[in-house]
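Peer 1: Note that my numbering has the sequence shown beginning at 11, numbered continuously upward. Virtual Cβ for every residue (Gly too), placed ideally from N, Cα, C. All figures in this text were calculated on a predicted structure; none of them were measured in a lab. Please see the structure below; I have some questions.
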Amino acid sequence: MVLSGAERARRCREKKKKAGLSEIMKQKDRKRKQIQSVHWSRKQLSLFTAHVWTNSTTYPLVIVSKDISHNKYTVATCLERILTRLQILIPSLDELIIFSDGSSSQFKQRFLFKNLSYLANKFDITLSWNFFASNHGKGK
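Written out as structure tokens, the structure reads:
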């Protein structure tokens, strides 16, 4: 098949266009990999947040930790630290109702429930935990 000069020129432009797009995609991928490399090579911190409210005031709390494992033991340690802090902030604390919509591996497992009874006894308070469906009310 013999191509006209115009057809050869058109095909050449298409090839260059495709090659240009391919190079753009490669550049984007290189940049993405560089960004991820920088991000994951940095030291990470974990934040455990809580917000406590009473009849008269509120207490926003955050625990910053170098432990980024996000497992049941981290949750247990953070809860114990929060309860220790709350006993200082609210000496008359006798009941704590917890609400969360967190990860099942962190919050919705049997270790946590056993630990709640331990913490209730240790801090001499009544503890209850209410779980919301994950992502409930977020988005559509």
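1) Between the C-alpha atoms of E24 and S47, what's the straight-line distance to the nearest angstrom?
2) When burial is assigned at 16 or more other CB atoms within 10 Å of the CB, is V85 buried or exposed?
3) I need the straight-line Cα distance from R42 to S79, nearest angstrom please.
4) Quick check: what's the CA-CA separation for A130 versus T67?
5) If contacts are defined as beta-carbon pairs under 8 Å, then E105 and T59 qualify, I think. What distance do you get, rounded to the angstrom?
6) At which residues does the beta strand (DSSP E) containing V72 begin and terminate?
7) What's the C-alpha gap between F141 and H61?
8) Between which two residues does the alpha helix (DSSP H) harbouring N125 extend?
9) Pull up the CB-CB distance for L55 and V74, whole angstroms please, since I reckon it's below 8 Å.
Peer 2: Let me spell this out:
1) 34 Å
2) buried
3) The straight-line gap from Cα to Cα measures roughly 25 Å.
4) 23 Å
5) With 8 Å as the limit, E105 and T59 do not qualify as a contact, their Cβ atoms being about 21 Å apart.
6) 68 to 75
7) Looking at the two C-alpha atoms, the distance is approximately 15 Å.
8) 120 to 133
9) 6 Å
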